[in-house]
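Participant: Let me give you the structure first, and then I'll get to my questions.
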Amino acid sequence: MLDDSRNKPINGESQIKRVFTKIIDDLGIYYKIGLTTDFTGKLFNEMYSWLGFTQDKLNDVVLTPSYVATLLVKMARVNKDSYVWDFATGSAGLLVAAMNEMLIDAKNTIASPDELALKSAKIKSEQLLGLEILPNIYILAVLNMILMGDGCSGIMNKDSLLDFDGKYGFANKNDDFPADAFVLNPPYSAKGNGMVFVEKAFSMMKKGYGAIIIQSSAGSGKAVYYNKRILKNNTLLASIKMPIDLFMGKSNVQTNVYVFKIGEAHQKDDTVKFIDFSNDGYTRTNRRKASVNLRDTDHAKERYQEIVDLVRFGKKKLKIFTENEYYEGTIDPENGADWNQTASIDTKPTLDDFKKTVSSYLAWEVSSLLKNESGDNERLGK
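Numbering (this note's numbering), first residue to last: 370 to 751.
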């Protein structure tokens with residue numbers, strides 16, 4: 370532990386236990402009646418700020434906004450039957466988003482109350498797995514999952530790169546976790562900007578989908594070694610450029626979301642969907658005393674849904690976004706640095722452009738002649 374004082378018992382209780390008890394006593398009722406995860410996210414951002422090392426310039430743990438977590442979960446095509454894991458769990462925001470998506474799907478597709486109850490219990494106890502190496506963050510992740518109704522809390526305090534063998538770790542200890550959905554927001558100081566986690570996770574999966582948010586430089590040269598290895602057994606489906614201010618106040622790096630199909634080698638003719646999501650519809654501020662630092666100012670919810678639809682179904686789902694923001698192209702699987710492409714803009718003038726230019730010029734000439742003629746008449750007293 371970086372700070373043992375929070376686990377030191379005073380009168381038989383540690384600080385963590387006192388905080389947990391206080392939260393359960395005062396806020397438990399709101400979780401029972403179905404309070405949204407946005408409140409949990411705010412609560413954990415506040416608790417996270419208590420940890421001394423969060424102010425350390427060397428710290429690269431950045432919590433994922435809840436709406437981005439939901440986007441990744443949808444990109445990974447999570448449903449009630451998915452088995453989801455995260456190799457750099459943080460506060461478990463991605464797993465909470467996955468759990469919510471799975472429970473919603475279960476409610477929408479299972480009519481029997483008894484069957485729904487059994488399925489919901491299985492989702493929480495068997496279908497989610499997270500690994501977090503930092504002890505302090507691990508405690509927050511466990512607390513987060515428990516607060517959101519996951520009594521099992523399948524979170525392990527392990528190094529996913531060195532100490533994890535793909536087993537459940539809790540129930541069914543001797544069985545491999547049958548992951549078919551992978552979500553990740555890795556620490557950017559890891560090898561390949563974090564792509565090392567992707568390679569490790571995918572090597573333990575036979576099928577499914579993965580969605581990660583990572584520094585854009587991972588797709589343009591900083592992770593060539595890992596990217597080439599990943600594409601030997603997996604397909605890049607989409608590359609999405611995220612807003613530069615997505616992590617305002619915590620990080621200013623440019624990020625991309627990469628979406629993969631697992632278990633199929635990427636071919637040079639496979640279509641990759643490149644999307645410029647710089648305008649996601651949200652306006653962000655970083656004012657400490659502001660009541661709201663995130664405002665939907667341009668159909669943000671609709672934009673996030675359209676991104677999901679574009680990745681899944683392609684160009685026919687274009688509504689809000691333009692063809693300048695959505696581009697279908699290819700990558701070289703042996704390159705590893707060509708994942709961040711944009712739609713090419715044709716600067717060659719067309720015949721219509723020429724006609725418009727000539728028309729505008731003639732209109733200007735006529736206007737000038739009329740003005741000059743009018744001026745001459747006035748001077749002559751006509």
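Each residue gets a CB set at the ideal place from its N, CA and C atoms; glycine is no exception.
It should be emphasised that the depicted structure is a prediction, and the values quoted were computed from it without experimental measurement.
Sorted by chain position, which residues of the same chain lie with C-beta nearer than 6 Å to I502's C-beta, five sequence neighbours on each side aside?
Facilitator: If we look at I502 and ignore the five residues flanking it on each side, its Cβ neighbours are D528.
Participant: Determine the direct distance from the alpha carbon of K575 to that of A438, and round the result to whole angstroms.
Facilitator: 23 Å
Participant: Confirm, please, whether the CB-CB distance from R664 to M617 is below 8 Å.
Facilitator: no
Participant: Is it buried or exposed, S451, if we count other Cβ atoms within 10 angstroms and call 16 or more buried?
Facilitator: Buried, since its Cβ has 16 or more Cβ neighbours within 10 Å.
Participant: Using a Cβ-Cβ cutoff of less than 7 Å, which residues in the same chain neighbour L553 once the five nearest sequence positions on both sides are dropped?
Facilitator: D455, F456, A457, F566, V567, I581
Participant: Where are the alpha helix (DSSP H) runs, 4 residues long or more, that stay fully inside the stretch 669-707, in chain order?
Facilitator: 669-682
Participant: Just to confirm the assignment: which complete alpha helix (DSSP H) runs, minimum length 4, are found wholly within the stretch 457-486?
Facilitator: 462-478
Participant: Quick check on the burial criterion: 16 or more other C-beta atoms within 10 angstroms. Buried or exposed for T433?
Facilitator: buried
Participant: Taking the alpha-carbon of M611 as reference, which of Q584, H635, T666, R598 has the nearest alpha-carbon?
Facilitator: Residue Q584 is the option with its Cα nearest to M611.
Participant: Let me make sure I understand the geometry here. Which of K488, M514, L472, D474 has the alpha-carbon closest to that of L500?
Facilitator: M514
Participant: Would DSSP call W733 helix, strand or coil?
Facilitator: helix
Participant: So, helix, strand or coil for R653, using DSSP?
Facilitator: Of the three classes helix, strand and coil, the one that applies to R653 here is strand, per DSSP.
Participant: When burial is assigned at 16 or more other CB atoms within 10 Å of the CB, is S460 buried or exposed?
Facilitator: buried
Participant: Using a Cβ-Cβ cut-off of 6 Å (strictly less than) and excluding sequence neighbours within five positions of A510, which residues of its own chain qualify?
Facilitator: T458, S460, A461, E501, I524
Participant: So, helix, strand or coil for K597, using DSSP?
Facilitator: helix
Participant: Assuming L606 contacts F629 under a Cβ cut-off of 8 Å, what Cβ separation, rounded to an integer in Å, is found between them?
Facilitator: 6 Å
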